[in-house]
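Contents: one structure, followed by commentary.
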Amino acid sequence: MKTDRSTEMFRVASQYMPGGVNSPVRAFKAVGGNPIFIKEAHGAKVIDVDGNAYIDYVGSWGPLILGHSHPQVVEAVCSMASRGTSFGAPCEAEIELASLICAAIPSMEMVRMVNSGTEAAMSAVRLARAYTGRDKIVKFEGCYHGHADSFLIKAGSGLLTSGVPTSPGVPASIGELTLIATYNDLESVIELFNEYGKEIAAVIVEPAAGNMGLVIPDYEFLDGLRQLTLKNGSLLIFDEVITGFRACYGGFQNIVGIRPDLTILGKIIGGGLPVGAYGGSREIMQRVSPQGDVYQAGTLSGNPLAMIAGVETLKILADDDWYDRLEVLTYYLTGKLKTIFENHGLLYEINRLASMFTVFFTEELVENYTAVLSCDTQKYGAFHQALLNEGVYFPPAQFETGFISCAHDMEDVNETAEAVDRALSIIQG
Ligand code: KE4
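Counting along the sequence shown from 1, when you hit position 220 you're at 284 in the working numbering, and nothing is skipped either side.
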């Protein structure tokens, strides 16, 4: 692929923005080479500034479950924009989106809209601390809940990719309030509750972990968290920023049948525009200002463009058998990839859940953080670069999740499989 314009843009961007990007994982540091600059995107494809088209499995890191530039979403956003982009006052679209979310996720009796998953996660933790009168939280190695100080302790996603799971700049006094446990290891949580039980405000967890690459939860682990928090008067927070409306029309909680006290959403509910949300029981949520005393605010929270994009996206997802189609297509893709990797002598692990998947460059079963760390990230980098040159855009980091959209079809999947076969031949030499 000729990518001269991307290379030049990256050079200029790097003069104005740290690392030439506005979010670290986009910089391709984990896979080598320069990031491609995207000019436009339609359906399952992105097109870079040099005119190269790629089958896209990043999907803007999850929001684009319908595919890029869905006509109904674009039309709704353009129509709204012609009537205003932000009012700093209530609008009907907020009610529409809030009611759709609460109807789809029964544990969310009330919801507050914010502008990112980070903002939703930090607000939910503040609310849990106020509601319980406690300060400590439990999070899991390799899970990522955005970049608020409390979460940048042994975090996943870009921190894991950069090899700095705990970020500088987080005061020790804050870090000490975040207790770390091991994903899918209930015993590691029991030990923390035995020592700090009555100090723990909340356990925050990705019910299916997407920031180590995709790690599937053990049901007993999730159910154990629910029992432990109930027993100790702590809240259980499900971070469904990735899984919300991705695994089904609602939360992953709808599938596992576990009712958390608070849920965090983002990505899909904004249809590709900046959004986040947190919600839970009426009893807990009524503590949020101005109804209650727990302060949280935002200039663009509930802005009509993100709301209308989210409403349109959820309405489309609700009225068809999209989730069945996504499941079948993802099953088909990962089955073909498994065979192709084996044909190249690579017995790699491929985790799949609904329309999420990760090819782990390790032969170990990947059920926890330790197994994730056994991945050959160098080889993943070479694979990513070779695949990009074959016109397929996988996540530019081993510790991220790939996404299939409603716009992908069998032709895309077959083209992808052929491209993977060629890329493996190239890197295997
Ligand atoms: P944002 O602040 O990026 O909207 O959401 C933070 C967040 C919270 N919780 C979960 C489970 C998340 O996955 C995220 C953000 N996801 C990453 C990708 N794994 C966003 C991509 C990026 O950081 O550029």
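We treat Cβ as the ideally placed atom computed from N, Cα and C, and that holds for glycine.
Report the option in Cys312, Ala483, Glu270 whose CA atom is closest to the CA atom of tryptophan 386. Cys312
For threonine 182 and serine 124, what's the separation of their Cα atoms in angstroms? 16 Å
Kindly examine the ligand KE4 and report whether one of its heavy atoms sits closer than 7 Å to the Cβ of isoleucine 201. no
Can you tell which of Ala117, Phe92, Lys200 has its C-alpha closest to the C-alpha of lysine 103? Ala117
Are the CB atoms of aspartate 325 and isoleucine 301 nearer to each other than 8 Å? yes
Note the first and the last residue of the continuous beta strand (DSSP E) segment covering arginine 176. 174 to 178
Return yes when at least one heavy atom of the ligand KE4 lies under 7 Å from the C-beta of threonine 182, else no. yes
What are the boundary residues of the alpha helix (DSSP H) that includes glutamate 215? Note that residue 215 is phenylalanine in the sequence shown, not glutamate. Segment: none, phenylalanine 215 is in no alpha helix (DSSP H) and carries neither H nor E.
Length of the line joining the Cα atoms of leucine 411 and phenylalanine 458: 19 Å
Contacts around methionine 172, its chain only, beta-carbon distance under 7 Å, and the 5 residues preceding and following it disregarded: Ile165, Cys166, Thr327, Gly343, Gly344
Would a C-beta distance cut-off of 8 Å place cysteine 207 and alanine 272 closer than the cut-off? no
Within the same chain, show all residues whose beta-carbon is closer than 6 Å to that of alanine 192, passing over the 5 residues directly before and after it, in chain order. Ala265, Ala266, Leu299
Bridge partners of threonine 242, per DSSP? Ile201
Would the segment 420 to 429 and the segment 462 to 472 be scored as touching if the rule is three or more Cβ pairs under 8 Å? yes
Could you say if the segment 481 to 491 and the segment 443 to 457 meet the contact criterion of at least three C-beta pairs nearer than 8 Å? yes
Under 7 Å from any heavy atom of the ligand KE4, does the C-beta of tyrosine 208 make it? yes
Is any heavy atom of the ligand KE4 found at a distance shorter than 7 Å from the C-beta of tryptophan 125? yes
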